[in-house]
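>
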Ligand SMILES: O=C(O)CCC(=O)C(=O)O
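Structure (structure tokens):
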């Protein structure tokens, strides 16, 4: 867990560069659980993916394990993992909600992402060059990557560009002084503003790259089905998780939802009952003197 001073510094880095490399974000015991659960889930769905690829209906360059939040409770625990959740809330805001998830295996081959792209240039109604917290992504790594294994790369500061700004041409990423390539270790996370120019580089090794990608936005934004576990009864088990999984709270407008206001219903009714009693008492006293 970061101290407020560390959060302030990381946030400054995020604001000026558009991305942060969070080393050792995942505690060791959780990392082990994630590895086991990730491999088990990919085994369960691999054949289906291969069939889809053969039928021409599936993406062949990478494999996204479907509905990762339903595959193992450890993927739920990652949603609000305490080591970085405070930082995430500080960056996104108190109205944070999970927006979408991917659990990805990127097989050896050229990159599948467009070169130096923003994920949100087509989003209307937002001044991207000035909005630093619309949609944030976190890539989590469960194994060390080598430098040629499909790493993420960024153009620092490019989140301040207006949408559809001219794309840079970087001929050799390893010699570039303008771009930054991040080579993560197992347990690291990379958090970024989805408007910063970024890309996944080629995977020119003979090893698959495994990663989990969780995107966070605001409660009022529409989220994807893969951001909500099927068993909400079981997993939306705290006010915080209810908000992250988009569960409505009676009487709270979407725009007003805040983590700090998520008071459990029992408290709510006690408070409500107490204030009703107080109003009655005041009214009764006033009528006595009236
Ligand atoms: O590395 C990946 O899997 C995708 C990178 C990317 O372009 C993204 O997350 O928006």
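Residue numbers (our numbering): 481 to 770. We put the CB at the ideal spot given by N, CA and C, even for glycine. On a predicted model such as this, the values are computed, not experimentally measured, just so you know.
Please classify residue 504 as buried or exposed, where buried requires at least 16 other C-beta atoms within 10 Å of its C-beta.
Residue 504 sits at position 24 when you count from the first residue of the chain shown. Residue 504 is exposed by the Cβ-count criterion.
> Just to confirm the assignment: which complete beta strand (DSSP E) runs, minimum length 3, are found wholly within the stretch 656-702?
660-662, 669-673, 678-680, 689-698
> At a threshold of 7 Å, does residue 522 count as lining ligand 1 (C-beta to nearest heavy atom)?
On the chain shown, residue 522 is found 42 positions in, with the first residue counted as 1. No, the beta carbon of residue 522 sits no closer than 7 Å to any heavy atom of ligand 1.
> Among 534, 580, 653, whose alpha-carbon lies nearest the alpha-carbon of residue 708?
As a working note, residue 708 is residue 228 in the chain shown. Answer by Cα proximity: 580.
> For ligand 1, is there a heavy atom less than 7 Å away from the beta-carbon of residue 790?
This structure gives no information on residue 790, because the portion of the chain shown stretches from 481 to 770.
> Nearest CA to the CA of residue 619: which residue from 680, 490, 702?
One-based indexing of the chain shown puts residue 619 at position 139. That would be 680, whose Cα lies nearest to the Cα of residue 619.
> Using only alpha-carbon positions, find the residue among 696, 729, 738 that is nearest to residue 560.
Within the chain shown, the letter at position 80 stands for residue 560. For the residues 696, 729, 738, the minimum Cα distance to residue 560 belongs to 696.
> Return helix, strand or coil for residue 520, following the three-state DSSP convention.
Taking the chain shown and counting its residues from 1, the one referred to as residue 520 is at position 40. The answer is helix: DSSP assigns residue 520 an H, G or I state.
> Identify whether residue 745 lies in helix, strand or coil by the three-state DSSP scheme.
The count along the chain shown starts at 1 and reaches residue 745 at position 265. Residue placement at residue 745 cannot be trusted, given a pLDDT of 49 that sits under 50; what the coordinates show is reported in the next sentence. Here residue 745 sits in helix by DSSP.
> Would you report the Cα separation of residue 779 and residue 742, rounded to the nearest angstrom?
Here the chain covers residues 481 to 770 and nothing more, so residue 779 does not appear.
> What are the boundary residues of the alpha helix (DSSP H) that includes residue 568?
Within the chain shown, the letter at position 88 stands for residue 568. Run containing residue 568: 562-572, per the alpha helix (DSSP H) assignment.
> Is it true that the CB of residue 666 sits closer than 8 Å to the CB of residue 502?
Taking the chain shown and counting its residues from 1, the one referred to as residue 502 is at position 22. Taking the chain shown and counting its residues from 1, the one referred to as residue 666 is at position 186. No, they are not a contact pair.
> Got a sec, what are the start and stop residues for the beta strand (DSSP E) residue 487 sits in?
On the chain shown, residue 487 is found 7 positions in, with the first residue counted as 1. Unbroken run through residue 487 is the alpha helix (DSSP H), 484-497; no beta strand (DSSP E).
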